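Beneath this line is the structure, given in C-alpha cells, with notes to follow.
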Amino acid sequence: MCIAAVANPRDIDWWVKFRSPADIYKHHPSFLKLEFMVYFCALLTLIHALRNGGRFKWLWLGTMLHGLVVEAISYNLPDIDNFWHAQGTIMFLGGRLPLYIVVIYPVFLYTASVAVAHWRLKWWAEPFAVGLTVVVVDLPYDICAVKHLAWTWHDTDPNIYDRMYWAPWTSYYFHASFACGFTFAFHGFHKLFGGNTNRFQSKGFFKEVPNTMFAAMLGFPLGTLQFLPNYHILHDNYNIHTEVCFLMFAAVYVMIMWKGDRSACLERSQSAEKLRKTSWYSEITLLAVVYYTFFMYLVVTGKPEEQVSIGLHEVIGPCNETVEMTAASGQILTKKKYLCLKDYDEDYFDFHCIKGKPPVGKEWYTTCGTPYRNHMEYIVVVGFCCLFGLHWIFSLVGSGGLPRAVQSPGKEAKAKQN
Numbered sequence: 195m196c197i198a199a200v201a202n203p204r205d206i207d208w209w210v211k212f213r214s215p216a217d218i219y220k221h222h223p224s225f226l227k228l229e230f231m232v233y234f235c236a237l238l239t240l241i242h243a244l245r246n247g248g249r250f251k252w253l254w255l256g257t258m259l260h261g262l263v264v265e266a267i268s269y270n271l272p273d274i275d276n277f278w279h280a281q282g283t284i285m286f287l288g289g290r291l292p293l294y295i296v297v298i299y300p301v302f303l304y305t306a307s308v309a310v311a312h313w314r315l316k317w318w319a320e321p322f323a324v325g326l327t328v329v330v331v332d333l334p335y336d337i338c339a340v341k342h343l344a345w346t347w348h349d350t351d352p353n354i355y356d357r358m359y360w361a362p363w364t365s366y367y368f369h370a371s372f373a374c375g376f377t378f379a380f381h382g383f384h385k386l387f388g389g390n391t392n393r394f395q396s397k398g399f400f401k402e403v404p405n406t407m408f409a410a411m412l413g414f415p416l417g418t419l420q421f422l423p424n425y426h427i428l429h430d431n432y433n434i435h436t437e438v439c440f441l442m443f444a445a446v447y448v449m450i451m452w453k454g455d456r457s458a459c460l461e462r463s464q465s466a467e468k469l470r471k472t473s474w475y476s477e478i479t480l481l482a483v484v485y486y487t488f489f490m491y492l493v494v495t496g497k498p499e500e501q502v503s504i505g506l507h508e509v510i511g512p513c514n515e516t517v518e519m520t521a522a523s524g525q526i527l528t529k530k531k532y533l534c535l536k537d538y539d540e541d542y543f544d545f546h547c548i549k550g551k552p553p554v555g556k557e558w559y560t561t562c563g564t565p566y567r568n569h570m571e572y573i574v575v576v577g578f579c580c581l582f583g584l585h586w587i588f589s590l591v592g593s594g595g596l597p598r599a600v601q602s603p604g605k606e607a608k609a610k611q612n
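All the letters of the sequence shown, read from the start, carry residue numbers 195 to 612 under the working numbering.
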C-alpha cells in the first residue's frame, strides 16, 4: 500500500505515516536496501555512544537534533526548499522527512567526529577535519542515491544547478561546512562553560542539555556563514562554477588540517606508547566496512532503470513562470517556479514506466529511474570513493586511542587533592 499525500498538519498522518516495506521493495527495491543499511549503521553509532558514555552520548543526540533542524528549516524556507526525499517506511512532516534521513546525520557526523577524535588534532583544526571526513563518507551516497531516486532535486535552482553525477557540488560544500559548524559549537560551548580538559568528559545533565541544543541549532548558521566569502561571491556575482568554489574551499580545510596535525605531532609522540595500544576494531570501523561495501554492491548490481519513486516531487507547472529567491549574500536570483516537462534537465529520471506524464499542478506523482549512460564509469568512481573512504576511516581510527569519556581514577584523586 502506497503512502498518500497529506497536507494538513492537524492530521496525525501529517506528523507520521507508515509505508509497507513490501510496497517499497516492489517499486523501489534499491531504496529499501539503502534505508535499512542506514538503520543498521545508525544502530552501530548508537551502540558506540552508549558503550563509551560521557559526551559521546550527547554527541550522538546532538548530531540527530542538528539534522532535524537542518531538514525542518530547509522544508519551510522557499529559497532553499529544493529537494524531495523518496517515501520510506516511516515518514514525518507531511511526507517530507524519512526516518532514515533523521538517523543518517549520526551515521555521517558522529562517525566522522569519532574517527577524527582518534587523530588527536589541535582543537581548532578538528572541526575542519570532521567536515572533510563527512564529505568522504557522503560521496558514494550522494552519487548512488540520487541515481536510484532516493530523492529528486529542483531543476532550475541556481544553488544546485552545477552537478557531478547529478549530485550538486553545493551538497558537498553543505556537508563540510555544516559539520564543521556543528563541531565548533559542540566542543566550543563545552570549553567555554567550564568543560574538562578532555572534551568528551561530561559535565552533567544540566550543562550538557543546553550545550547540545545550542550546537544543534548553531550548526546551520555557522555552516551558512562559510558560503558567504567564497561561494556566494564567486558563484553568484561572477558565475564561477561551483566545482571551483568547492575545491578552493576544501583546499583551505586541508591546509588547516595539515597545520593542526603538524602542531599536534609533539604531543602524540610523547604519548606514543599509549597510542600504540589502540584497537583497530570498533563499531565505527565495522560501520565503515558495511557502509562502503553496500555502495560497491549497489553500483555494481543495482539497476536504476527499474526504480520507481512514488511520492512528492517538484510541482509540475507552466514553463514560463519564474520566482525570485534571496541568496544568503542578499543577492536576488531567479528560478522557474515549476518543473517544466517540455524542458527539464534531470537525466536520472523520466516517465517511461507510466502512461503519459503527470498533469499540471501535481506534486505527488511517479518518476522512473534511467539506465547508466556509462556503467563502468560509475563503478570506477564509486568504487574508488569507497576504497578511499575505507582507508581514510581505518587510518584515522588506527592513528591513536579514543579520548577518555570518563576521568581516570588517578586524575580524579589528584583533582580532589588540589
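Beta carbons: idealized from backbone N, C-alpha and C, even for Gly.
Predicted, not measured: the structure shown is a model, and the values here were computed from it.
Three-state secondary structure (DSSP) at residue i?
i    : result
G325 : helix
T479 : helix
C374 : helix
K220 : helix
H342 : coil
S503 : strand
K251 : helix
E515 : coil
W474 : coil
R357 : strand
L228 : helix
L333 : helix
T564 : coil
R574 : Checking the displayed sequence, the identity of residue 574 turns out to be Val instead of Arg. Looking at V574 - three-state DSSP - the assignment turns out to be helix.
T406 : helix
I587 : helix
L271 : coil
I548 : coil
K608 : Only weak support is given to the placement of K608: the predicted model assigns it a pLDDT of 43, under 50, and the value that follows is read from those uncertain coordinates. Helix.
W363 : helix
V554 : coil
T625 : Residue numbering for the chain in the displayed model covers 195 to 612; residue 625 lies beyond these limits and cannot be assessed.
R204 : coil
L244 : helix
K316 : coil
L237 : helix
Leaving out five residues on either side along the sequence, give the residues of the same chain with a beta carbon under 7 Å from the beta carbon of residue i.
i    : result
S307 : L253, V324 and T377
K251 : A243 and L244
A521 : H426, D430 and L527
A361 : D336, I337 and V340
N392 : P597 and R598
F234 : V484
E265 : L291 and I295
Is it buried or exposed for residue i, if we count other Cβ within 10 angstroms and need 16 for buried?
i    : result
I206 : exposed
Y299 : buried
D537 : exposed
V263 : buried
A466 : A caution first: A466 carries a pLDDT of 48, below 50, which makes its placement in the model unreliable, though a value can still be read off. Exposed: under 16 other Cβ atoms inside 10 Å.
E437 : exposed
W209 : exposed
R204 : exposed
R314 : buried
R567 : exposed
T487 : exposed
Y532 : buried
M570 : exposed
Between the Cα of residue i and those of the options, spot the shortest distance and give me the residue it belongs to.
i    : options                   : result
L506 : D351, L343 and F380       : L343
I241 : R314, L255, F225 and S593 : L255
G563 : E540, F408 and L416       : E540
E515 : C534, E500 and V576       : C534
L441 : N431, V494, Y475 and M358 : M358
I284 : G261, H426, R213 and W586 : R213
F380 : A521, V403 and P352       : V403
E557 : T479, T350 and I504       : I504
W317 : T561, P512, W452 and M407 : W452
V554 : T305, I510, D351 and T350 : I510
T257 : Y572, I434 and Y304       : Y304
Cutting at 8 Å between CB atoms, please list the residues of its own chain near residue i, excluding the five before and the five after it.
i    : result
V310 : E320, A323, V324, T327 and L590
E518 : I526, L527 and T528
C374 : P321, F322, V324, G325, L416, G417, Q420 and Y447
D332 : F302, S365, Y366 and H369
L238 : E477, I478, L480, L481 and V484
Enumerate in chain order the residues of its own chain whose CB-to-CB distance from residue i is below 6 Å, with the five nearest sequence positions on each side excluded.
i    : result
N405 : F383 and H384
K341 : P498 and Y542
I218 : L226
T346 : W278 and H507
I613 : No answer is possible for residue 613: the residues shown for the chain start at 195 and end at 612.
S396 : G248, R249 and E402
H348 : N276 and E508
Return yes when the C-beta of residue i is under 8 Å from any heavy atom of the ligand SAH, and no when it is not.
i    : result
E571 : The ligand SAH is not part of this structure, which contains no ligands at all.
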